[in-house]
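Numbering (our numbering), first residue to last: 13 to 248.
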Amino acid sequence: MTKIIVANWKMNGSKAFITEFFKNFISAPQNFIIFCPPALYLKDVLNHTSRVGGQDCSSHLSGAYTGDISSVMLNDIGCQYVLLGHSERRSYHKETSETVRQKAGHVLKADLIPIICIGESKEVRDAGRARDFVLEQLSHSLPAVSDKTYYIAYEPVWAIGTGLTATENDIIQMHEAIRQALPQQHIPLLYGGSVNKENAHTILALPNVDGVLVGGASLKYEDFNHIVAFSELPMV
Ligand code: PEP
Numbered sequence: 013m014t015k016i017i018v019a020n021w022k023m024n025g026s027k028a029f030i031t032e033f034f035k036n037f038i039s040a041p042q043n044f045i046i047f048c049p050p051a052l053y054l055k056d057v058l059n060h061t062s063r064v065g066g067q068d069c070s071s072h073l074s075g076a077y078t079g080d081i082s083s084v085m086l087n088d089i090g091c092q093y094v095l096l097g098h099s100e101r102r103s104y105h106k107e108t109s110e111t112v113r114q115k116a117g118h119v120l121k122a123d124l125i126p127i128i129c130i131g132e133s134k135e136v137r138d139a140g141r142a143r144d145f146v147l148e149q150l151s152h153s154l155p156a157v158s159d160k161t162y163y164i165a166y167e168p169v170w171a172i173g174t175g176l177t178a179t180e181n182d183i184i185q186m187h188e189a190i191r192q193a194l195p196q197q198h199i200p201l202l203y204g205g206s207v208n209k210e211n212a213h214t215i216l217a218l219p220n221v222d223g224v225l226v227g228g229a230s231l232k233y234e235d236f237n238h239i240v241a242f243s244e245l246p247m248v
């Protein structure tokens, strides 16, 4: 298996963008690329690839929750993944780790793979509490019981969309700490935070980095094609 590359398009894109993107997107069959477009465009992206995920889902299964989308619905239209607890959801929508855990439970029951995002703010890192904070966030966000697969994405909040990347050492240390804290072996561990075509190769080659979650650079097919080409490193 090659490294996992997740494209988080956030609230960007259009039908025309998707057509243009996939006309120019280059990927080999063995590449493991997951696209997370806005919910309205999931079907359009599913016309091009089966590895598609939602950017979020409801913490409820159905009912009077106007505007929400359930994990069962995502499964119904053909999605296989869901991002959960992205820092933009935690910060703009006040999502707690307990909510993320509840969502993760539903997602697993719906036979989807949750990609659970965790990461510290700059304030927390500057205070020297990054490791403790991230491990606590992890322990509260993980699904209660699971023998099913989920992915973890370590995304330092201060590195998301800022052009700042965690140092190699920071990534190595945090990924090792997360790996040791996980109740199961073989949980894919991704790094996210200003990954681009210049730094992707170095980051993907670090120990305990099974892939990357890419925001901004996944919207430019020229850049994303480079990142995808780097995913052909062996899993270690
Ligand atoms: C993200 O969307 O999770 C992300 C890491 O964005 P960017 O690559 O733009 O920092």
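Where a beta carbon is used, it is the ideal one built from N, C-alpha and C, also for glycine.
Does the ligand PEP have even one heavy atom less than 7 Å from the beta-carbon of residue 172? Against the sequence shown, residue 172 aligns to sequence position 160. Checking every heavy atom of the ligand PEP against the Cβ of residue 172, one is found closer than 7 Å.
For residue 54, is the beta carbon positioned less than 7 Å from some heavy atom of the ligand PEP? Taking the first residue of the sequence shown as position 1, residue 54 is located at position 42. For the ligand PEP, not one heavy atom lies less than 7 Å from the Cβ of residue 54.
Considering just the uninterrupted stretch of the alpha helix (DSSP H) at residue 218, what are its terminal residues? For the purposes of this step, residue 218 is taken as the residue at position 206 of the sequence shown. Taken as a continuous stretch (DSSP letters only), residue 218 belongs to no alpha helix (DSSP H), as it is neither H nor E.
Beta-carbon separation (whole angstroms), residue 190 vs residue 163, contact threshold 8 Å: Residue 190 sits at position 178 when you count from the first residue of the sequence shown. Residue 163 sits at position 151 when you count from the first residue of the sequence shown. Not confirmed; about 12 Å, so no contact.
Just checking, does the segment 101-108 make contact with the segment 134-148 on the three C-beta pairs under 8 Å criterion? no
Are the CB atoms of residue 114 and residue 95 within a distance shorter than 8 Å? Here residue 95 refers to the residue found at position 83 of the sequence shown. Here residue 114 refers to the residue found at position 102 of the sequence shown. Not in contact: residue 95 and residue 114 (Cβ atoms no closer than 8 Å).
Would you give the residue range spanned by the beta strand (DSSP E) that residue 173 belongs to? Taking the sequence shown and counting its residues from 1, one reaches residue 173 at position 161. Run containing residue 173: none; DSSP gives neither H nor E here.
Enumerated in chain order, which unbroken segments of the alpha helix (DSSP H) with a length of 4 residues or greater are wholly contained in the segment 50-78? 54-58
Do you know offhand how far residue 70's Cα is from residue 188's? Here residue 70 refers to the residue found at position 58 of the sequence shown. Here residue 188 refers to the residue found at position 176 of the sequence shown. Cα to Cα, residue 70 sits roughly 31 Å from residue 188.
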